[in-house]
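Enquirer: For the sequence shown, my numbering assigns the number 1113 to the initial residue and increments by one for each residue that follows. From the three backbone atoms N, C-alpha and C, an ideal C-beta is built for every residue, glycine too. Sharing a structure here in structure tokens format.
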Amino acid sequence: MPARIEDYAMIGDCRSAALVARDGSIDWLCWPYFDSPACFAALLGGPEHGRWKLAPDDPRATSTRRYHDDTLILETRFETVEGCVAVIDFMPLRDGAADLVRLVKGIHGNVSMSMELILRFDYGASVPWARVLDSDDPTGPGMRLIAGPDKVVVRTPVEIQDVPGSLRARFDVKAGETVPFVLSRVASHHADPREIDPLAALTDTERYWRTWANRCQLDGRWAEAIRRSLIVLKALTFVPTGGVVAAPTTSLPEQLGGERNWDYRYCWLRDATLTLQALMLGGYYTEASDWSHWLVRAVAGAPSQVQIMYGLSGERRLPEWEVDWLPGYEGAKPVRVGNGAVGQLQLDVYGEVMDALHQARLGGLEPDDATWEVQTKLVAHLETVWRKPDEGIWEVRGGRQHFTYSKVMAWVAFDRAIKSAERFGLPGPIDHWRSLCKEIHADVCKHGFDKERNAFMQAYGSPEMDASVLMIPLVGFLPADDPRVIGTIEAVERELMRDGLVQRYRTSRVDDGLPAGEGAFLACSFWMVDCLVMIGRQADARKLFERLLSLRNDVGLLAEEYDTHHERQVGNFPQAFSHIALVHAAIRLEALADDDRADNAADERAAEDEARFEHVGYRTVRA
1113 MPARIEDYAM
1123 IGDCRSAALV
1133 ARDGSIDWLC
1143 WPYFDSPACF
1153 AALLGGPEHG
1163 RWKLAPDDPR
1173 ATSTRRYHDD
1183 TLILETRFET
1193 VEGCVAVIDF
1203 MPLRDGAADL
1213 VRLVKGIHGN
1223 VSMSMELILR
1233 FDYGASVPWA
1243 RVLDSDDPTG
1253 PGMRLIAGPD
1263 KVVVRTPVEI
1273 QDVPGSLRAR
1283 FDVKAGETVP
1293 FVLSRVASHH
1303 ADPREIDPLA
1313 ALTDTERYWR
1323 TWANRCQLDG
1333 RWAEAIRRSL
1343 IVLKALTFVP
1353 TGGVVAAPTT
1363 SLPEQLGGER
1373 NWDYRYCWLR
1383 DATLTLQALM
1393 LGGYYTEASD
1403 WSHWLVRAVA
1413 GAPSQVQIMY
1423 GLSGERRLPE
1433 WEVDWLPGYE
1443 GAKPVRVGNG
1453 AVGQLQLDVY
1463 GEVMDALHQA
1473 RLGGLEPDDA
1483 TWEVQTKLVA
1493 HLETVWRKPD
1503 EGIWEVRGGR
1513 QHFTYSKVMA
1523 WVAFDRAIKS
1533 AERFGLPGPI
1543 DHWRSLCKEI
1553 HADVCKHGFD
1563 KERNAFMQAY
1573 GSPEMDASVL
1583 MIPLVGFLPA
1593 DDPRVIGTIE
1603 AVERELMRDG
1613 LVQRYRTSRV
1623 DDGLPAGEGA
1633 FLACSFWMVD
1643 CLVMIGRQAD
1653 ARKLFERLLS
1663 LRNDVGLLAE
1673 EYDTHHERQV
1683 GNFPQAFSHI
1693 ALVHAAIRLE
1703 ALADDDRADN
1713 AADERAAEDE
1723 ARFEHVGYRT
1733 VRA
């Protein structure tokens, strides 16, 4: 039985990520990359599908954990009747091999420990062949495990027992001692991965993350939450190519026991651009530059073939299939690999891409003719398709509609094309784009707005609300003080808030191709915070934001959704979308919601904030 989703912490090397439970079990790891087959898949099954547990023998042991400050290095402390040990888990960042290091450090007393390594390649299906490293191997004692294309070497001074189906060890740790375990992976046809010094790797890994975190340009009362979220977003970037994954997991259910189980280990244009917006807020532009180059490569070719998502290196075929031998997280099936939404039409992605690249230029991204050429081709294609129905931001599988948010973001695409061309002297048919903006804006206001309810609806002619319309003031489609915007915010609050959090839409009333039921969508709840601030309801915004912060787990991580009935995080974890929205909401609150400032000081600060955050579309709105 896997742990609760919120009982996991993530470690990673910007190529892949592992999930570590409170009890010292690593239950998820796709190696060597985010989208590789899992070699630890207990998260979606049981120990027999692969895990690596390192914990005290004492069944009464209690644990607490934390990340080392401004890093992705996890330290779990186990208290026993014998003493105390710390298990330090991390993944060093190096080329040529992938490593996972576990250090068992004695704090006080003498603690008896057990190690169980169950390695199962190909999502728990493939049992490796285990052999002891040669006695004359200069890398020291250890074991070699091979199956098909995968080879893993485990090195430790502890004697390992090869028992049927697993590797096991028992050892004692005294105060002041450190016992290392290093797991390294290479392709099976390569030589064994070179040995690393685990303590030196710890120092190097701490230095990497702290150097990166110290570049953050944001402070204020929620600085800790912001920095943790930015570290999560950085960890979800695939350094070799610049791609950004939506989450490191697949098939964690949006409803416990349900069917809304998706593979998020790919690069959505939407999620990636929003991730970059959050990183740019913190002053991180290297990632934006890397992603812009990834984008040019990924979408190269006919504009009509642009996809909503790609693989880590720009792969276009992401066929969806079911891993029928895995029982699923707490029995939630199916377990899916790949994502059938890859072939959908989602008009909003054009707006998100254009917005992100415009913001990057405002932030100082070096001019790039190839990027602008791609952008102009994208909007030229958008002109031919924006009037069509699509599957929308939520990737519905119940048929295409004229989703309001999709049309709004089509407007954003042309609006940002105009702004980029005018601001940076880039070539393009500005007058034509301006005409299209007017046409789309009028179309949305005519067909997407319900006059009787004084609210923008999910889709043209639909009676249903959708939380995505909260983005209308956030992207500048209408000002926050427009009565239609205020009415829309109030309608979402009235119809989609359950137990104080925002649902995407009412799944019981919207045919999205799946059985009804899911948790509250955390990003949408953060959007509500933004909107409440913008319409002058600062106290309500702060209250909701603090509630959302309280839903983070003990190390500051959020899944995609929250099940208010069971009081549990649900959906893929950790989720970039949730952490992106947290960063934006925190900044908006910090800049606009301080009621203690004097009016003059507030006015001056507002102007400073608007200039500072112009590059991320920040707009000062005073009540």
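I'd like the ranges of any beta strand (DSSP E) spanning at least 3 consecutive residues and lying wholly in the region 1206-1291.
Expert: List check, beta strand (DSSP E) in window: 1210-1230, 1241-1244, 1254-1259, 1262-1267, 1273-1275 and 1278-1286.
Enquirer: What three-state label does DSSP hand SER1128 in the structure shown?
Expert: coil
Enquirer: Nearest CA to the CA of PHE1202: which residue from VAL1213, GLU1194, THR1516 and VAL1193?
Expert: VAL1213
Enquirer: Excluding the 5 residues flanking ARG1659 on each side, which residues of the same chain have their C-beta closer than 7 Å to its C-beta?
Expert: GLY1612
Enquirer: Determine the burial state of MET1113: buried for a count of at least 16 other Cβ atoms within 10 Å of its Cβ, exposed for fewer.
Expert: The residue in question, MET1113, is exposed, as its Cβ has fewer than 16 Cβ neighbours within 10 Å.
Enquirer: Drop a sphere of 10 angstroms on the beta-carbon of VAL1193, count the other beta-carbons inside from all chains shown, and report buried for 16 or more, exposed for fewer.
Expert: exposed
Enquirer: Only counting the same chain, and skipping five residues up and downstream in sequence, which positions put a Cβ closer than 6 Å to that of PRO1501?
Expert: ARG1512, GLN1513 and HIS1514
Enquirer: Could you pull the DSSP bridge partners for ASP1140 from this structure?
Expert: Per the sequence shown, the amino acid found at residue 1140 is Trp instead of Asp. According to DSSP, which records beta bridges pairwise, TRP1140 is partnered with LEU1131.
Enquirer: May I ask you to report which of helix, strand or coil DSSP gives GLN1513?
Expert: strand
Enquirer: Would you call the CB atoms of THR1188 and SER1175 closer than 8 Å?
Expert: yes
Enquirer: Can you find the residues in the same chain that come closer than 8 Å, C-beta to C-beta, to HIS1553, ignoring five residues on each side of it along the sequence?
Expert: TRP1523 and PHE1589
Enquirer: Near GLY1332, which residues of its chain fall below 7 Å by C-beta distance, leaving aside the five closest residues on each side in sequence?
Expert: GLU1702
Enquirer: Which stretch, first to last residue, makes up the alpha helix (DSSP H) that contains TRP1321?
Expert: 1310-1325
Enquirer: Using a 10 Å radius around the Cβ and a threshold of 16 neighbouring Cβ atoms, would you call LEU1311 buried or exposed?
Expert: exposed
Enquirer: So which of PHE1685, ARG1172, PRO1149 and ALA1482 has the shortest CA-CA distance to GLY1162?
Expert: PRO1149
Enquirer: Assuming GLY1450 and TRP1433 are in contact, meaning their beta carbons sit under 8 Å apart, how far apart are those beta carbons, in whole angstroms?
Expert: 6 Å
Enquirer: Using beta-carbon positions only, say whether LEU1459 and MET1521 come within less than 8 Å of one another.
Expert: yes
Enquirer: To which residues does DSSP link ASP1675 through a beta bridge?
Expert: According to DSSP, which records beta bridges pairwise, ASP1675 is partnered with ARG1680.
Enquirer: Are the C-beta of LEU1661 and some C-beta of chain B separated by less than 8 Å?
Expert: Among the chains in the structure shown there is no chain B, since it carries only a single protein chain.
Enquirer: CA-CA distance, LYS1519 and TYR1617?
Expert: Taking the straight line from one Cα to the other gives about 18 Å.
Enquirer: Got a sec, what are the start and stop residues for the alpha helix (DSSP H) PRO1595 sits in?
Expert: 1595-1608
Enquirer: Can you tell me which of VAL1197, ASN1373 and GLY1355 puts its alpha carbon nearest to the alpha carbon of HIS1405?
Expert: GLY1355
Enquirer: Under the rule that 16 or more other beta-carbon atoms within 10 Å means buried, what is VAL1132, buried or exposed?
Expert: buried
Enquirer: Return the residue from the list TRP1380, LEU1155, ASP1125 and TYR1145 that minimises the CA-CA distance to ASP1119.
Expert: The residue with the shortest Cα to Cα distance from ASP1119 is LEU1155.
Enquirer: Suppose the cutoff is 7 Å on Cβ atoms and the five residues either side in sequence are ignored; what does the same chain contact list for GLY1443 look like?
Expert: GLY1369
Enquirer: With the cut-off set at 8 Å, would you say TYR1378 and GLY1440 are in Cβ contact?
Expert: Taking 8 Å as the Cβ cut-off, TYR1378 and GLY1440 do not qualify as a contacting pair.
Enquirer: Thinking PHE1638 and GLU1673 are a contact (beta carbons under 8 Å), I'd like their distance in whole angstroms, please.
Expert: Actually they are not in contact, since the Cβ atoms of PHE1638 and GLU1673 sit about 12 Å apart, beyond 8 Å.
Enquirer: In angstroms with no decimal places, state the Cα-to-Cα distance between HIS1470 and ARG1127.
Expert: 27 Å
Enquirer: For THR1619, which of helix, strand or coil comes out of DSSP?
Expert: coil
Enquirer: For SER1547, count neighbouring C-beta atoms within 10 Å of its own C-beta (all shown protein chains included) and say buried if the count is 16 or more, exposed if not.
Expert: exposed
Enquirer: What do you reckon, are the CB atoms on GLU1366 and VAL1682 nearer than 8 Å?
Expert: Remark: C-beta atoms of GLU1366 and VAL1682 approach each other more closely than 8 Å.
Enquirer: Grouping DSSP H, G and I as helix and E and B as strand, with all else coil, what is HIS1544?
Expert: helix
Enquirer: Quick check on SER1416: buried or exposed, where buried means 16 or more other Cβ atoms within 10 Å of its Cβ?
Expert: exposed
Enquirer: Please go through the same chain and pick out, in chain order, the residues whose beta-carbon is closer than 7 Å to the beta-carbon of SER1278, but skip the five residues on each side of it.
Expert: GLU1228, LEU1229 and ILE1230
Enquirer: Under the rule that 16 or more other beta-carbon atoms within 10 Å means buried, what is THR1315, buried or exposed?
Expert: exposed
Enquirer: Strictly by DSSP, which residues pair up with THR1362?
Expert: ASP1375
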